[in-house]
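Scroll down for the structure; my scribbles are underneath it.
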Amino acid sequence: MRTRAPHIVLVLSLLISLASYISKAQTADIYGVVTDSLTRQRIPLANVTIIGTGRGAASNNVGFYLIPKMAPGTYEVVVSVLGYIGLARKAILREGQSLELNFELCSASIEVQEVIINAPRKRLETETSTSVHVLEKQDIKMIPVAAQQDLLQSLKILPGIVSTSDVSSRFYVRGGAGDQNLFLFDGIRVYYPFHALGIYSSFNPNVVDKVEVYTGAFPPGFGGRLSSVVNVSTRDGRADGLSGQASINFLSAEAELEGPAFDNSSWLINARKSVSSKTFSNIAGQNIPLSFYDATIKLSTQPGGVKKFDVTFLSSGDNLLSGSKDEPDYSWRNNGIAITGSNLPTGRIFLQWVIFGSVYSADRNAKESRTATSASTSVKHYGLRTTATVYTSQEDLYFFGFEFGFPSMEYKFVNPAGAQQEIASSLVEPLVWARYQSKLGDMQLDAGVHVEVGSLLHGGKPLDEIQPRINLSYPVMGSWRAKSSFGRFTQRMLTVENEDDIVSIFDAWIRVPEGLPTQQADHYVLGLSGNLAEQAFLNLEGYYKHYGSLVVYNRDKLQASDPDYIQGTGKSYGVELTLRSKVAWLDLYGAYSLGWALVDNAGLVYYPRYDRRHHLNLMVAGHPAKGLNATLRWEFGSGFPFSQTVGYFDQPTFTNTLPGQFELDTRVPFMMLGEKNAARLPAYHRLDASISYDIRLLDFDVSAGLNILNVYDSKNLFYFDRITGRRVDMLSFYPSASLTIKY
Amino acid sequence: MAAKPLVIILLLLSTFGCNQPFDPKGPVDQQMVVFAVFSTDRDVQYVTVDMSYMPSGFDPLTYTSDNALNDVFVTLKDSRNMYQLRDTALARLDTSRYKSPLRLYALYPFTVRQGQTYQLVVQSRSMGVASATVVVPGKALLDSTYSARYILIEPFSHFPEEKIRFPSRLSSSAKGYLARLTITYDVLKGTEWVQESVELPIATADTAAYSLEHPIYPQIAPNLSAGVLDVTYRNGFLINTIKNLILAKYADNRMVFKWIVFTLIQLDQNLFNYYSVVHDYRDPRTVRLDRPMYSEINGGIGFVGACTVDSLVFLLPTNFSGNR
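Chains A and B, in that order, give the protein sequences. The end of the first sequence is residue 1124 by the working numbering, with every number in the run present. The end of the second sequence is residue 308 by the working numbering, with every number in the run present.
In structure tokens, the structure reads:
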């Protein structure tokens, strides 16, 4: 790797020089940033249009836009984005002189804001690409929740995302395992983003600006996971004045402060702490002595021009400390930092970079437990990531990027044989990618290649590690577009867990064991989207995922010399339908998924426990009066697979009877299971409701909310103890209230 | 308004607050359960034939009915002969769950031959035929070093750190083995001489001082290195074991040390695999969290295994240190 890294830098330098040369042509560019006039927050996906020319651009994730190669002259440039009052400015372009034209938009009143993943700014991404969803803060706020809003719980309304229980934010995407999802928080890789057994995530929705969720065939630049990417971007602190917020609900208390710092700079501090473990216990239906905290700190500065620099800190922790000496204690921590920057160093090359560090650690103290052993694990991941966007023409956009990441993992445990073990491994993960977006006639092309250089240097197959990613969309009729995409992905890390565990509290990461190939998957997606009516948007997608290589248990392991893990394969396929509509003051949302997932473990083909055949989410959000919001959400999911108990037999254990009288050995019952995961649990369904009222009192913005989960108290099976016969259901009828006061 | 039907549907659905029944039990898979471990150190061989069962509740320990299968005909075949096993019963050592005697099938007098292949066939009128084949490991070649023999008969004349080595060779058909070194003695308890044995540890928590606290005995291990073994003990453990007997445990009793036996038990493939699975593979590096079911019976569940027992006996002199 040491010998190749300079080559990568050299190639990128040449490309950048080439683009600089191009920029010297006798035309001029218009570029700038779009910001919120009050908060100075950059606004992504704003439409920048040059009137009368048919030219325009959309601002990127940091509000930057560039319209290249304009002929000299005078133009009127208009910016529009939902939630803001549009703005027009005059631009006088002179030959060879690019013009910086920044826009500061005034926020429209809150009643204008359209929600429920229906806003046109999101449709820019979701209509032309497959398998991408964008959620913003107001979307998250609309979804009924248990005690407090949660980002990852909100994602469960998206098609293709499945959770196996109410009490876990952990999810499975299009038949992929739970460790195949990549979580990014302003570029920080978060390895266990869950609070409270997974009931909540570590990402506080109040600091979130936008969440991009890729459920398949994600573009170059995202790698290391087989199934999905959850890319969370935080908002900046307000630059116009000091602001504060405090809120409390049955579960946690939260405080937030933000304000301006030095010139063009702002800061944001948000901290949240659980206040009562009793609420967890009520939600989970059993005593859970749990406490958690999380904090986000962000410093932002825009020193001038289009430059922007941010520093984000994330810290979260959980303690599950049992009063009983027979029950283990758990604790886990996530700490991370990201230093990000963006700039336009040359005429048409926009650079974005992030230096990130992430530390995840978890401990399990078995105390005197008979069923658990003590263990600890940690993942430390530091790295640098840079993306260059090259604007060469109106139709063409190039992206080049590289990342150097250094994850190291440690796992200490006592194995079933009673031996203390330590698995330590580290990886060097250099990645490079190139991406090209263009409009070829009516067809939109987004294609590129993502190269996992680290895997290649460690003997990975070139055909697996040099990964093509392509997305095409083509207008077929009226507003309807046909879409297709393909991507190849690999993953070198995985979690050690029993895949049949109900809830995994302790996630230990290890690298793919020696001798096994990197996990690999291909995604194929076909889609069709368009308007059924003026206010009714439909998106239909079919997908097929082929797992060429998975790491699975060696179920035929008989001797110590046999490997614990072997190579398996798998596949998943299905159809997803999303319908969004607006009727008067009602937003309607429906998502239906029909899917199959199969794992092949040395000839044993079975449905993994997260395989759900049918999944339906219906949501109605209404705004009947000023400040009043109400939501109804109904979810239906067909049953998850499980293996039936088909009998018992008594087996000798030979504890002390070799070569003695085996026939007199006390035998212990062994449960016989039927065909693996061939039966199904009962179906799941639940209706949730929420209502909130926002009002301004004196100088305070007050928001009061009431949530009712499982309105009709559906008894959805969580787990069934086969030994005691005890049935535990998921969340029962659960009302909760919240109060937020903002200054 | 178009939203009305949807709201009405949702409200109608809300009336279905229901508790869907669930039972994790599927159709009972009735299987013949056969276990047998043939051993060369005994002249009776047993086979147990039971049925799998399903308790009415969920705790299998609440199932206390006798689940032995009665309608079976059990035969054992080698390359020349076929033997029929007889229905018999033994008293259980543990009657906390099953009260009835242990029902099984016995072949007596019969000792399996080393290196021989046997086929067990269990025919049941109700359950069909179950069968399994087992290869009894061949004879192991046991030896001891010259110095080991001297140390064993005069341990107190040698240094504690001196090694007692038993270079041996396992049969190629043995998949696992277990070595044991035991010392046998007579002890006068009251007016009666009682014969007892004690096994020597291969290590302890404090090996340097040869303390007998937390002894570690040899475990069943796989046959690696083409069957070549070098089982080694330290004289310090032998000395301290004897001292423990004569100075502590039986300080006031008369004792006569009779012999020391080095025993090598060889396990066939089926027995070793089964033992490995139920004892979590004896794999100090395993990260695996579940335990599969191991079965090597055609037409049923269970396994038929075999073990051989070979030994070297060292008779102790009448003037052995500690005799009194």
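The C-beta atom is built at its ideal place from N, Cα and C for all residues, glycine as well.
CA-to-CA distance, HIS576(A) to ILE411(A), given in whole angstroms: Walking along the first sequence from the start, residue 411(A) turns up at place 30. Walking along the first sequence from the start, residue 576(A) turns up at place 195. Going by the C-alpha atoms only, they are around 46 Å apart.
Pairwise C-alpha distance: SER131(B) and GLU1044(A): Working through the first sequence from its first residue, we reach residue 1044(A) at position 663. Working through the second sequence from its first residue, we reach residue 131(B) at position 147. Cα-Cα distance, rounded: 40 Å.
Contact under 7 Å by Cβ, LYS1126(A) with THR615(A): Since the displayed chain A opens at 382 and closes at 1124, residue 1126(A) lies outside it and no answer follows.
Residue from ARG816(A), LEU821(A) and GLY841(A) with nearest C-alpha to HIS831(A): Position 450 of the first sequence, counting from 1, holds the residue named residue 831(A). Measuring from the Cα of HIS831(A), the nearest candidate turns out to be ARG816(A).
Closest Cα partner of VAL906(A) within the set ASP937(A), ARG869(A), GLY971(A) and ALA917(A): In the first sequence, the residue the question calls residue 906(A) occupies position 525. For VAL906(A), the nearest C-alpha among the options comes from ARG869(A).
Uninterrupted beta strand (DSSP E) stretches inside the segment 620 to 705 of chain A (no shorter than 3 residues): Listed in chain order, they are 624 to 630, 633 to 641, 646 to 655, 671 to 682 and 689 to 701.
Selection of the segment 247 to 264 of chain B by Cβ proximity to chain A, strictly under 7 Å: The residues in question are ILE249, ASN257, TYR259, SER260, VAL261, VAL262 and ASP264.
Proximity test, Cβ basis, 7 Å: SER23(B) and chain A: Locating residue 23(B) in the second sequence gives position 39, where the first residue counts as 1. True, the Cβ-Cβ gap to chain A drops below 7 Å.
Beta carbon of TYR456(A) nearer than 7 Å to that of ILE431(A): On the first sequence, position 75 is the one that residue 456(A) refers to. On the first sequence, position 50 is the one that residue 431(A) refers to. Contact: yes.
Own chain partners of SER365(B) with C-beta closer than 6 Å, once the 5 adjacent residues on each side are dropped: Absent from the structure is residue 365(B), since the part of chain B shown begins at -15 and ends at 308.
Through-space distance from THR24(B) to GLN98(B), alpha-carbon basis: Translated into the one-based positions of the second sequence, residue 98(B) becomes position 114. Translated into the one-based positions of the second sequence, residue 24(B) becomes position 40. C-alpha separation (whole angstroms): 7 Å.
Members of the segment 282 to 298 of chain B that neighbour chain A once the beta carbon cut-off is set at 8 Å: Answer set for the segment 282 to 298 of chain B: ILE285, GLY286, CYS291 and VAL293.
Interface partners of SER942(A) on chain B, CB under 7 Å: Position 561 of the first sequence holds residue 942(A). For SER942(A), the chain B residues whose C-beta falls within less than 7 Å of its own C-beta are PRO206, listed in chain order.
Delimiting residues of the beta strand (DSSP E) encompassing GLU485(A): Locating residue 485(A) in the first sequence gives position 104, counting from the first residue. Taken as a continuous stretch (DSSP letters only), the beta strand (DSSP E) holding GLU485(A) covers 484 to 488.
CB contact check: PRO1116(A) to chain B, cutoff 7 Å: The sequence position of residue 1116(A) within the first sequence is 735, counting from 1. No, because no Cβ of chain B sits closer than 7 Å to the Cβ of PRO1116(A).
Cβ separation of PHE566(A) and VAL613(A), assumed to be a contact under 8 Å, to the nearest whole Å: Within the first sequence, residue 566(A) is the residue found at index 185, counting from 1. Within the first sequence, residue 613(A) is the residue found at index 232, counting from 1. Confirmed, about 5 Å.
Closest by C-alpha distance to TYR30(B), when choosing among ASP1046(A), ARG1061(A), ASP903(A) and SER942(A): Mapped onto the second sequence, residue 30(B) falls at position 46. Selected option, being the one with the closest Cα: ASP1046(A).
At least 3 beta-carbon pairs within less than 8 Å: the segment 769 to 781 of chain A vs the segment 716 to 723 of chain A: With the cut-off at 8 Å, the segment 769 to 781 of chain A and the segment 716 to 723 of chain A do not touch.
Residues near TYR92(B) by beta carbon distance below 6 Å, same chain, minus five either side: Locating residue 92(B) in the second sequence gives position 108, where the first residue counts as 1. Contacts found: VAL28.
Inter-residue spacing [alpha-carbon to alpha-carbon] between ASP1031(A) and SER697(A): As a working note, residue 1031(A) is residue 650 in the first sequence. As a working note, residue 697(A) is residue 316 in the first sequence. Separation of ASP1031(A) and SER697(A) (C-alpha to C-alpha, rounded to the nearest whole angstrom) is 47 Å.
7 Å Cβ cutoff met for ARG87(B) and ALA75(B): For the purposes of this step, residue 87(B) is identified with residue 103 of the second sequence, where counting begins at 1. For the purposes of this step, residue 75(B) is identified with residue 91 of the second sequence, where counting begins at 1. Annotated as distal: ARG87(B) and ALA75(B), with beta-carbon spacing of 7 Å or more.
Partner residues on chain A for GLY10(B), Cβ-Cβ distance less than 8 Å: Indexing the second sequence from 1 puts residue 10(B) at position 26. Under the 8 Å cutoff, chain A gives GLN1025, THR1026, VAL1027, GLY1055 and ALA1060.
Inter-residue Cα distance where the pair is SER63(B) and GLN250(B): Translated into positions along the second sequence, residue 63(B) becomes position 79. Translated into positions along the second sequence, residue 250(B) becomes position 266. The alpha-carbon separation between SER63(B) and GLN250(B) amounts to approximately 22 Å.
THR32(B) at chain A interface by Cβ criterion, 7 Å: Taking the second sequence and counting its residues from 1, the one referred to as residue 32(B) is at position 48. At least one chain A Cβ lies under 7 Å of THR32(B).
Every unbroken beta strand (DSSP E) inside the segment 7 to 87 of chain B [3 residues or more]: Assignment of beta strand (DSSP E) within the segment 7 to 87 of chain B, counting only whole runs of 3 or more residues, yields 16 to 23, 29 to 35, 56 to 61, 66 to 68 and 70 to 74 in chain order.
Terminal residues of the alpha helix (DSSP H) in which ARG153(B) lies: Here residue 153(B) corresponds to residue number 169 of the second sequence, with the count starting at 1. That residue, ARG153(B), is in no alpha helix (DSSP H); its beta strand (DSSP E) goes 147 to 153.
Within 7 Å, strictly: CB atoms of VAL297(B) and VAL261(B): Reading the second sequence from its first residue, position 313 is the one you call residue 297(B). Reading the second sequence from its first residue, position 277 is the one you call residue 261(B). Cβ atoms of VAL297(B) and VAL261(B): not closer than 7 Å.
Closer than 7 Å to chain A by CB, GLN98(B): Indexing the second sequence from 1 puts residue 98(B) at position 114. Chain A, which has no Cβ nearer than 7 Å to the Cβ of GLN98(B), makes this no.
Inter-stretch contact at 8 Å, needing at least 3 Cβ pairs: the segment 409 to 427 of chain A / the segment 458 to 473 of chain A: Taking 8 Å as the limit for Cβ pairs, the verdict is that the segment 458 to 473 of chain A does touch the segment 409 to 427 of chain A.
contact_flag[the segment 937 to 951 of chain A, the segment 903 to 923 of chain A] where n(CB pairs < 8 Å) is 3 or more: No, they do not touch.
Environment of ASN228(B) [buried if 16+ CB atoms lie within 10 Å]: Start at 1 with the first residue of the second sequence, and residue 228(B) comes out as number 244. When all chains shown are included, ASN228(B) counts as exposed.
Cross-chain neighbours of GLY1086(A) in chain B, by beta carbon under 7 Å: Locating residue 1086(A) in the first sequence gives position 705, counting from the first residue. Contact of GLY1086(A) with chain B by beta-carbon distance below 7 Å is absent, the smallest such distance being about 20 Å.
ASN219(B) and PRO151(B) closer than 7 Å at C-beta: Along the second sequence, one-based indexing puts residue 219(B) at 235. Along the second sequence, one-based indexing puts residue 151(B) at 167. With a cutoff of 7 Å on beta-carbon distance, ASN219(B) and PRO151(B) are scored as not near each other.
DSSP beta-bridge partners of HIS904(A): On the first sequence, residue 904(A) is found 523 positions in, with the first residue counted as 1. Per DSSP, GLY868(A) and LYS926(A).
Assigned secondary structure, ALA427(A) (DSSP; H/G/I helix, E/B strand, else coil): For the purposes of this step, residue 427(A) is taken as the residue at position 46 of the first sequence. Reduced to three states, the DSSP call for ALA427(A) is coil.
Contact the segment 537 to 546 of chain A vs the segment 925 to 944 of chain A: 3+ CB pairs below 8 Å: Cβ pair count under 8 Å is below three, so no.
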